Amino acid sequence: MCNPPNFRYKENKWDPKKIVGSGEMPSSHSSTVVAVAVSIGLHDGVESSSFAIVVVMAFIVMYDASGSRLHAGRQAEVLN
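All residue numbers for the sequence shown refer to our numbering, where the first residue is 2 and numbers rise by one.
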């Protein structure tokens with residue numbers, strides 16, 4: 002959900018497609034798992050087992066997202 006305000010700030014125009022669109026940095030998946038981790042940390046505390054699980058899940062999702070972007074960029078270079 003960071004994409005619409007960033008786009009509005011940079012481009013000085015509003016694009017409603019950015020709300021439901023995917024891609025750009027941070028990725029939708031990464032920002033979602035970080036938001037879940039923060040909310041669980043605030044609600045249950047950072048010492049809870051649910052917070053530990055969601056932090057591990059967040060690292061996995063962010064690692065996967067960065068790898069996917071890297072390989073997509075390499076493929077785009079080859080195709081273009």
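Ideal placement from N, C-alpha and C gives every residue a C-beta, glycine not left out. Bear in mind the structure is a predicted one, so any value in this text is a computation, not a measurement.
When the five nearest sequence neighbours on each side are left out, no beta carbon in the same chain lies closer than 7 Å to the beta carbon of residue 79. In this structure, the alpha-carbon of residue 46 lies about 7 Å from that of residue 52. Listed in chain order, the non-local C-beta contacts of residue 66 below 7 Å within the same chain comprise 28, 30, 31, local neighbours out to five positions each way being set aside. Put simply, the backbone Cα of residue 76 is about 30 Å away from that of residue 56. Of the other Cβ atoms in all chains shown, fewer than 16 fall within 10 Å of the Cβ of residue 39; this residue is therefore exposed.
Burial is judged here by how many other beta carbons sit within 10 angstroms of a residue's own beta carbon; residue 59 has at least 16 and is buried. For residue 49, there is no enclosing alpha helix (DSSP H), as DSSP marks it with neither H nor E.
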